[in-house]
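Novice:
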Amino acid sequence: MKLIFLFLVLFVSFSIPPIFSSDVSSLHHHKEYLRRDEFLSQRWEKISHDESSCLDLASLYKDRGEYKKALKIIKEFASHKEWREVNSEIKKFLAYLYYLTGESEKALVILRELKEKAPQDILINLYLGLVYQDLDKLSLAKKYYLEALNLEDLSLASYQLAKIFYKERKFQEAIKYFKKTIQIDPSIRLAYYYLADSFLREKKYDSAYRFFSKAVNFYPIEVIKEKLKLTKKKLGKKFFFKWRRLQEERRRKAKLLSYHRVKGNIPEVKVKILEGAKKFTFKCGSDFKIYGRNKIVKAKGEKFYSLSVEKGKVSLRVYDSKREITLLEPPLKLISTNNYPFYILDVTYGAGEFWQRKVDNAYRGSLQVILKEEKIFVINVLNLEEYLYGVVPAEIYANSPLEALKAQAVISRTIAFRNLGRHKKEGFDFCSEVHCQVYRGLNVENSLTNRAVDETRGEVIVYKNVPIEAFYHANCGGCLRGELFGRREYLPSNLRDSEDRSKLSLTPWEEERWFKEKRGGVCAQDKNSNFRWQRVYDEEDFKLVFGYSLEELGRIIVKARGDCFHIKEIEVGIKGKVRQIEGDLKIRNFFDNLKSSAFKIEIKYTVKKGMLKPKMLILWGAGFGHGVGMCQRGAITLAEKGYSYKDIISHYYNDVEIKKYYYEK
């Protein structure tokens, strides 16, 4: 029967375009989808009594968005047995399909039966919440969302619970669960907006201001701008005057201590830390000199200065003073004495990401200031090992086991060593964001991460004696991807991130479950929602994020998937037009900055005047990041199990060696 099903999936295809589908090249990635109903009906009679084939075939239809056909298959299979003899997986899938097709009453009957037999099943409780919410039985919806949350931190349950309270105008409860949602999954950007609005309605204006300020960076739309403006008005000028005074006092008290230089035959790197500014403010922990083309200026330590653009030159002033000290011709070099750091105010960190904010950062080494199109760019110049001091804790939890930190240090060094001069045409080696590696300077350094860098000094990963192009990410979702940046012999491809690294080969039904259940892999222990995550958009949410009605959403066609079910190409119908999106980041960003491109799409429908109309968009995802190279959560687990950093590197990169490229003097 399995062979018959395989033949069916490989050679049959439907002519009617689905609501959304996938067109890929292997059964593991859904093979080719069925196209002729006649052929299906002929073959279905032969496999209609095989449970796994039934689930697989229904899963294929569901993934195409053809829920009615999936329902027909499941119902026909169930009709050959007494209901009490039907497997719970068949019943569960049937209930999910009823819910998606607007038949929540039928879904409820099945889910209540399943709940009696499996009261601790997370998905049954979650779907009971969804079904009761769809039926407008909100007290019961809240009950089952809470039960699901007691079993596992599910952002979908927390977010839906918060939205119910928000719509009921019970804003204190809404605040509680929007906070919970952000705690579970800080990447759910809509939660910041609704949390801000809930605070506003509770007249907690300082908290409202904080979260509206974040939300407007995510969604710079008029409704949020107006609410932010209203909040600022409610707070009044005195609030901001007091806030600025406290901020200035904190900055004045910030003491900059001398740091220990790392000596040796170590490459120098240039890191862009500020760009596109008209002005920036800074101080140094000691007296320092500014070298311009036309002059050298001596400046005092622990005193704030500002540099601003003045008709192709740079004006130096004491901070908040209108009096100009001097006018300098760029490029400039700022060099401290006795290894004291520079301290720069309002450096943007994580631009465009959910963690975006402005921070005051201290930096080792010297600074360079260049002008481009009347805008200031600030570059930090230091040696590669000291650069890594500011990279490792910015890229992995600093309290991770030492061996995981050492693996991160070696991989980050390998990336830096191989990519020196990546931005040479722009006047520096690296940016300080995820495009190169996140670099946060002296602020984030701690003894354990510095130790990890020191104990691996000069070590680089090589393959056939050449430094590899190394990659890493937060959480692979249980599967290591190899094709995104081009196949390389040393990159594992489509392997489970488990100690045995077995090949990931799933049937369509297993794939359906894989996205919804937290199982397997050394990265599954992640307490955050990085291993498995959800996104949900009702009509209100969809309008805020995408700018048009949910009913204006047309077909969503997954054209191609890569390793580990990552979407490589997708078509989205919008207002009668089709938009084609290719590439990992472009796909993630289009769907509201998703954690990864490995996700399933579901449209929940409601029946209006006998027609199915979209009511909700639900995404089920796996992993955080691109999924290539070292999985940081997996590395942490392996280190906890006793793996050395070399073992960890060998786990994530095939047939590589570690070579020392430079030594301490």
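The working numbering numbers the first residue of the sequence shown as 17 and each following residue consecutively.
All C-beta atoms, glycine included, are put in the ideal place defined by N, C-alpha and C.
(1) Decide yes or no for the touch test of the segment 323 to 341 against the segment 273 to 284: beta carbon pairs closer than 8 Å, at least 3 of them.
(2) If you count every other CB in all the chains shown that lies within 10 Å of the CB of I312, and 16 or more means buried, which is it?
(3) Give me the Cα-Cα distance between R267 and L206, rounded to the nearest whole angstrom.
(4) Would you list the one or two residues that DSSP bridges to L348?
(5) Nearest-angstrom Cα distance between W525 and V239?
(6) Please check the pair F433 and Y677, which I expect to be a contact at CB under 8 Å, by giving their CB distance rounded to whole angstroms.
(7) Assign E565 to one of two classes, buried (16 or more other C-beta atoms within 10 Å of its C-beta) or exposed (fewer than that).
(8) I'd like to confirm the pairing. Which residues does DSSP put opposite E587 in its beta bridges?
(9) With S174 and T197 assumed to form a contact (beta carbons below 8 Å), what rounded beta-carbon distance in angstroms separates them?
(10) Residues in the same chain with beta-carbon distance under 8 Å from R438, minus the five sequence neighbours each way, listed in chain order, please.
(11) What does the Cβ neighbour count give for I573, buried or exposed, with the cut at 16 atoms within 10 Å?
(12) Going by the CB atoms, is the gap between N435 and G641 shorter than 8 Å?
(13) For the 8 Å Cβ check, are there 3 or more pairs between the segment 643 to 651 and the segment 146 to 163?
(14) For A420 versus I652, is the C-beta spacing smaller than 8 Å?
(15) Select from P357, I180, E340 the residue whose C-alpha is nearest the C-alpha of Y148.
(16) By the 10 Å Cβ neighbour count, where 16 or more other Cβ atoms means buried, how is I665 classified, buried or exposed?
(17) Name, in chain order, the residues that DSSP records as bridge partners for T582.
(18) Closest by CA to L601, which one among F501, R535, R548, P508?
(19) Just the Cα atoms here: how many angstroms apart are L24 and E555?
(20) Can you list, in chain order, the residues of its chain whose CB lies under 6 Å from that of T472, leaving out five sequence neighbours each side?
(21) Measuring only the C-alpha atoms, how far is I619 from K78?
(22) Quick check on the burial criterion: 16 or more other C-beta atoms within 10 angstroms. Buried or exposed for R185?
(23) In chain order, what residues of the same chain lie with their CB nearer than 6 Å to the CB of P34, ignoring the 5 residues before and after it?
(24) Let me know if N354 comes out buried or exposed under the rule of 16 or more other beta-carbons within 10 Å of its beta-carbon.
(25) Would you please state the rounded distance, in angstroms, between the beta carbons of L170 and L142? I believe it to be under 8 Å.
(26) How do the segment 381 to 394 and the segment 611 to 627 stand: do at least 3 beta-carbon pairs fall below 8 Å, yes or no?
(27) Return the CA-CA distance between L211 and I191, expressed in angstroms with no decimal places.
(28) Measure the C-alpha to C-alpha separation of Y668 and R497 and round it to an integer number of angstroms.
(29) Let me know if G308 comes out buried or exposed under the rule of 16 or more other beta-carbons within 10 Å of its beta-carbon.
(30) Quick check on F558: buried or exposed, where buried means 16 or more other Cβ atoms within 10 Å of its Cβ?
(31) Using DSSP with H/G/I as helix, E/B as strand and the rest coil, what is E340?
(32) Taking only three categories from DSSP, how would you classify E471?
(33) Are there three or more Cβ pairs, one per stretch, closer than 8 Å when the segment 454 to 462 is compared with the segment 403 to 412?
(34) Between which two residues does the alpha helix (DSSP H) containing L110 stretch?
(35) Taking the C-alpha atoms as reference points, what is the distance between Y235 and G292?
(36) Alpha carbon to alpha carbon, what distance is there between K253 and I351?
Specialist: On the basis of the data shown:
(1) Touching, no.
(2) Residue mapping note: residue 312 aligns to position 296 of the sequence shown, counting from 1. Answer is exposed; the Cβ neighbour count stays below 16.
(3) Taking the sequence shown and counting its residues from 1, the one referred to as residue 267 is at position 251. Taking the sequence shown and counting its residues from 1, the one referred to as residue 206 is at position 190. So the alpha carbons of these two residues sit roughly 32 Å apart.
(4) As a first step, residue 348 is located in the sequence shown; it is residue number 332 there, counting from the start. Answer is V385.
(5) Taking the first residue of the sequence shown as 1, we reach residue 525 at position 509. Taking the first residue of the sequence shown as 1, we reach residue 239 at position 223. The straight-line gap from Cα to Cα measures roughly 42 Å.
(6) Residue numbering aside, residue 433 sits at position 417 when the sequence shown is read from its first letter. Residue numbering aside, residue 677 sits at position 661 when the sequence shown is read from its first letter. Contact holds; Cβ gap of about 6 Å.
(7) As a working note, residue 565 is residue 549 in the sequence shown. A small fix is needed here, since residue 565 is Ser in this sequence, not Glu. Exposed.
(8) As a position in the sequence shown, residue 587 is number 571, starting the count at 1. Note: E587 sits in a beta bridge opposite I573, Q596.
(9) The count along the sequence shown starts at 1 and reaches residue 174 at position 158. The count along the sequence shown starts at 1 and reaches residue 197 at position 181. That belief holds up - the Cβ atoms of S174 and T197 are roughly 4 Å apart, short of 8 Å.
(10) Position 422 of the sequence shown holds residue 438. D445, F446, C452.
(11) Mapped onto the sequence shown, residue 573 falls at position 557. Counting the other CB atoms within 10 Å of its CB gives I573 a total of 16 or more, which places it among the buried residues.
(12) Residue numbering aside, residue 641 sits at position 625 when the sequence shown is read from its first letter. Residue numbering aside, residue 435 sits at position 419 when the sequence shown is read from its first letter. In this structure, N435 does not lie closer than 8 Å to G641 by Cβ.
(13) no
(14) Counting from one through the sequence shown, the residue named residue 420 turns up at place 404. Counting from one through the sequence shown, the residue named residue 652 turns up at place 636. Yes, they are a contact pair.
(15) Locating residue 148 in the sequence shown gives position 132, counting from the first residue. Answer by Cα proximity: I180.
(16) For the purposes of this step, residue 665 is identified with residue 649 of the sequence shown, where counting begins at 1. So I665 ends up on the buried side.
(17) The sequence position of residue 582 within the sequence shown is 566, counting from 1. Here the sequence assigns His to residue 582, which means Thr is not the residue at that position. According to DSSP, H582 bridges with A614.
(18) As a first step, residue 601 must be located in the sequence shown, where it is residue number 585. Among F501, R535, R548, P508, the Cα nearest to that of L601 is on F501.
(19) One-based indexing of the sequence shown puts residue 24 at position 8. One-based indexing of the sequence shown puts residue 555 at position 539. Here the model assigns L24 a pLDDT of 39, short of 50, so the residue's position is not dependable, and the following value carries that caveat. L24 and E555: Cα-Cα distance of roughly 38 Å.
(20) Indexing the sequence shown from 1 puts residue 472 at position 456. Around T472: K422, A425, V426.
(21) To locate residue 619, count along the sequence shown from 1; it is residue 603. To locate residue 78, count along the sequence shown from 1; it is residue 62. Their backbone Cα atoms lie some 10 Å apart in a straight line.
(22) Here residue 185 corresponds to residue number 169 of the sequence shown, with the count starting at 1. The residue in question, R185, is exposed, as its Cβ has fewer than 16 Cβ neighbours within 10 Å.
(23) Position 18 of the sequence shown holds residue 34. Annotation note: pLDDT 38 at P34 (below 50); position unreliable, no value reported.
(24) What you label residue 354 is simply residue 338 of the sequence shown in a count that begins at 1. Under this definition N354 is an exposed residue.
(25) As a working note, residue 170 is residue 154 in the sequence shown. As a working note, residue 142 is residue 126 in the sequence shown. Contact flag correct, Cβ pair sits at about 6 Å.
(26) no
(27) By one-based count along the sequence shown, residue 211 stands at place 195. By one-based count along the sequence shown, residue 191 stands at place 175. When rounded, the distance between both Cα atoms is 6 Å.
(28) As a first step, residue 668 must be located in the sequence shown, where it is residue number 652. As a first step, residue 497 must be located in the sequence shown, where it is residue number 481. Roughly 10 Å between the two C-alpha positions.
(29) On the sequence shown, residue 308 is found 292 positions in, with the first residue counted as 1. It is buried - the Cβ of G308 has at least 16 other Cβ atoms within 10 Å.
(30) If you number the sequence shown from 1, residue 558 lands on position 542. It is buried - the Cβ of F558 has at least 16 other Cβ atoms within 10 Å.
(31) Along the sequence shown, read from residue 1 onward, the residue named residue 340 stands at position 324. Looking at E340 - three-state DSSP - the assignment turns out to be strand.
(32) As a position in the sequence shown, residue 471 is number 455, starting the count at 1. Looking at E471 - three-state DSSP - the assignment turns out to be coil, as it is neither helix nor strand.
(33) yes
(34) As a working note, residue 110 is residue 94 in the sequence shown. Note, L110: alpha helix (DSSP H), 104 to 116.
(35) As a working mapping, residue 235 is identified with position 219 in the sequence shown. As a working mapping, residue 292 is identified with position 276 in the sequence shown. Each residue's Cα considered, the two are about 22 Å apart.
(36) What you label residue 351 is simply residue 335 of the sequence shown in a count that begins at 1. What you label residue 253 is simply residue 237 of the sequence shown in a count that begins at 1. Using only the alpha carbons, I get a separation of about 39 Å.
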